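Notes follow the structure.
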Amino acid sequence: MKKLFTTLSLLAFSATQTLAAGVTNPAIGNLGNSAQKASSGATFAFYLVYIWRAIIMIGGLAVIVMFLQGGIEWVTSGGDKGKLEAARNRMTQSALGLFVLVSSFTIIAYISKLFFGAEFQLLNLVFPSPLVK
């Protein structure tokens with residue numbers, strides 16, 4: 203009974219998504235005016251890429267802030283070994299965070315180029331701008 207209910211509900215929800223795909227929201231522009239275009243998943247993939255880019259940019263800003271905070275703690279430690287060690291750890295962790303960000307960016311860019319070609323252009327950073335009409 204659970205399998206039947208799950209199958210029928212998935213079927214019902216997938217049909218409503220396909221039928222509603224032609225709806226256009228004037229606030230965000232044309233996402234796709236045909237069911238075929240909307241059900242292809244290209245729009246979702248592009249938004250996923252933009253969200254990922256925003257996360258990378260926010261992470262980069264966090265790395266800069268944490269590194270600067272560690273540097274300020276280092277300078278103001280006054281020779282206290284505990285504060286000096288905490289500042290060194292913060293700076294080391296921010297450098298490790300930068301390495302993780304750059305590594306994830308490189309890996310995702312390679313995978314997207316491998317699977318999607320130059321369609322997504324991940325290495326071409328585009329800063330989001332507000333919609334202007």
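Just so you know, the numbering used here puts 263 at position 61 of the sequence shown, and the rest follows in order with no gaps.
Every residue, glycine too, gets a C-beta built ideally from N, C-alpha and C.
From a predicted model like this one, the values you see are computed outputs, not experimental measurements.
How many Å lie between residue i and residue j at the Cα?
| i | j | result |
| --- | --- | --- |
| F317 | I253 | 19 angstroms |
| S314 | I257 | 17 angstroms |
| M268 | V302 | 15 angstroms |
| W276 | L286 | 6 angstroms |
| G299 | L212 | 40 angstroms |
| I309 | A264 | 21 angstroms |
| F307 | G261 | 11 angstroms |
| M203 | T209 | 10 angstroms |
| F248 | G281 | 51 angstroms |
Below 7 angstroms between beta carbons: does that hold for residue i and residue j?
| i | j | result |
| --- | --- | --- |
| A289 | S296 | no |
| R255 | G272 | no |
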